[in-house]
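Just so we're aligned, residue 18 is where the sequence shown starts under this note's numbering, counting upward by one. We treat Cβ as the ideally placed atom computed from N, Cα and C, and that holds for glycine. What you are looking at is a predicted structure, and each value in this text was computed from that prediction instead of being measured. Some notes on the structure that comes next.
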Amino acid sequence: MEQVYFEKEYFMFCSNCGSQLSDESLFCSKCGKPTKNNIHTLESTTKHKVTIFRESQIYLVNPPVNISINNKMDRSIENGGSVELELEEGRYKFEFSMSFRKKTIDVNVNKDIQLTVKWNRFTGALVVDVS
Numbered sequence: 018m019e020q021v022y023f024e025k026e027y028f029m030f031c032s033n034c035g036s037q038l039s040d041e042s043l044f045c046s047k048c049g050k051p052t053k054n055n056i057h058t059l060e061s062t063t064k065h066k067v068t069i070f071r072e073s074q075i076y077l078v079n080p081p082v083n084i085s086i087n088n089k090m091d092r093s094i095e096n097g098g099s100v101e102l103e104l105e106e107g108r109y110k111f112e113f114s115m116s117f118r119k120k121t122i123d124v125n126v127n128k129d130i131q132l133t134v135k136w137n138r139f140t141g142a143l144v145v146d147v148s
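In structure tokens:
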């Protein structure tokens with residue numbers, strides 16, 4: 018399994034009630050307290066296994082699927098292939114592309130997950146199932 022390192026993700030929490038805050042929050046959505054000087058951060062260090070599997074499909078032309086994670090890492094997976102990654106807990110943007118087709122998904126990696134990539138025979142679109 019390959020270990021992949023990205024910039025660490027930080028989470029903001031209200032110091033009054035402990036609720037997680039979004040980056041743009043001016044007030045806590047739970048207790049209403051202003052977020053200025055009301056923020057505690059928690060650094061994520063938990064790692065999870067992410068398996069990306071390309072379903073084996075028979076087509077006349079079957080190019081590899083290229084993968085980019087957070088616009089940084091480029092990989093490709095051949096028909097029926099897979100790759101295992103170890104990612105720190107957090108949100109990631111996965112972009113899959115095959116010739117002119119693209120599919121972008123946001124995934125919250127908070128447990129071991131599998132992404133299954135396939136090509137829809139009827140629409141011609143890339144489909145990614147998260148499990």
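Distance, residue j Cα to residue i Cα
| i | j | result |
| --- | --- | --- |
| Thr63 | Leu77 | 42 Å |
| Phe30 | Leu38 | 5 Å |
| Ser32 | Asn83 | 42 Å |
| Trp136 | Lys120 | 11 Å |
| Gln99 | Arg71 | For the sequence presented, residue 99 should be read as Ser rather than Gln. Taking the straight line from one Cα to the other gives about 6 Å. |
| Asp40 | Thr52 | 10 Å |
| Arg45 | Ser36 | A small correction: the amino acid at residue 45 is Cys; Arg does not occupy that position in the sequence shown. Answer to the nearest angstrom: the Cα atoms are 8 Å apart. |
| Glu106 | Lys47 | 24 Å |
| Ile86 | Val124 | 10 Å |
| Cys34 | Ser148 | 32 Å |
Cβ distance (whole Å) where residue i is taken to contact residue j below 8 Å
| i | j | result |
| --- | --- | --- |
| Leu104 | Val144 | Wrong, their Cβ atoms sit about 22 Å apart, outside the cutoff. |
| His69 | Pro81 | Looking at the sequence shown, residue 69 is not His but Ile. The Cβ separation is near 12 Å, so there is no contact. |
Simplified DSSP state of residue i, which is helix, strand or coil
| i | result |
| --- | --- |
| Arg92 | strand |
| Ile69 | strand |
| Ile84 | strand |
| Tyr76 | coil |
| His57 | A caution first: His57 carries a pLDDT of 47, below 50, which makes its placement in the model unreliable, though a value can still be read off. Here His57 sits in strand by DSSP. |
| Cys48 | coil |
| Gly107 | strand |
| Glu101 | strand |
Nearest residue (CA-CA) to residue i, options the options
| i | options | result |
| --- | --- | --- |
| Thr133 | Ser42, Ser73, Asn33 | Ser73 |
| Ile122 | Asp146, Thr140, Val100, Asp129 | Asp146 |
| Ser114 | Leu43, Thr140, Gly35, Asp91 | Asp91 |
| Tyr109 | Phe117, Lys89, Asn79, Arg118 | Lys89 |
| Lys117 | Gln131, Gly49, Gly141, Asn96 | A small fix is needed here, since residue 117 is Phe in this sequence, not Lys. Of Gln131, Gly49, Gly141, Asn96, the residue nearest in Cα terms is Gly141. |
| Ile130 | Gly97, Cys34, Glu101 | Glu101 |
| Gly97 | Ser42, Gly49, Ile75 | Ile75 |
Subject >> Complete alpha helix (DSSP H) runs within the segment 111–146 (minimum length 4 residues, chain order) >> reply: none
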